[in-house]
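Sequential numbering from 141 applies to the sequence shown in my numbering. Glycine included, each C-beta is placed from N, C-alpha and C at the ideal position. First up is the structure itself, then whatever we jot down about it.
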Amino acid sequence: PKHLAEHVIARDRTCRFPLCNRQACHCDLDHRIPWERDGHTNEPNLQTVCCRHHHAKHEAGWLPELLPDGSIEWTSPTGHKYRDEQPTYPIDRTVELSESAGPAKAKATDPPPF
141 PKHLAEHVIA RDRTCRFPLC NRQACHCDLD HRIPWERDGH TNEPNLQTVC CRHHHAKHEA
201 GWLPELLPDG SIEWTSPTGH KYRDEQPTYP IDRTVELSES AGPAKAKATD PPPF
């Protein structure tokens, strides 16, 4: 579904292969556990990988594993492990700022609200 694809692209931001910075909107959606092996088409089982790294997974034998912290550990065909960290997002400080400012105070000369 389109909304699922948009969510995964927004979540991942880039190809989830270590050190690849290709934007997720230019990547393939890949099932970590292949669909043919009962891998579900849902948010935890989908990741964005660029075409090059999609081929590396399926043809060269790289294996991704989703870790509890959201990072992905890739195991190379030779058994070496590489980690792609979960993207971090900027903190939304607009709520803090508006709450710390307190309620707006009306001046005595302001007209009453209607």
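For this session: Could you spell out the range, first to last residue, of the alpha helix (DSSP H) harbouring residue 151?
Result: Bounds of the alpha helix (DSSP H) holding residue 151 are 142–152.
For this session: Given a cut-off of 9 Å, decide if residue 154 and residue 167 are closer than it, judged by their beta-carbon atoms.
Result: yes
Problem set entry | Buried/exposed call for residue 156, threshold 16 Cβ in 10 Å | buried
For this session: Please report the residue range of the beta strand (DSSP E) in which residue 213 lies.
Result: 212–215
For this session: Quick one: using the 10 Å Cβ neighbour count with 16 as the cut-off for buried, is residue 194 buried or exposed?
Result: buried
Problem set entry | Contained alpha helix (DSSP H) runs [length at least 4] in the stretch 164–208, N- to C-terminal order | 191–200
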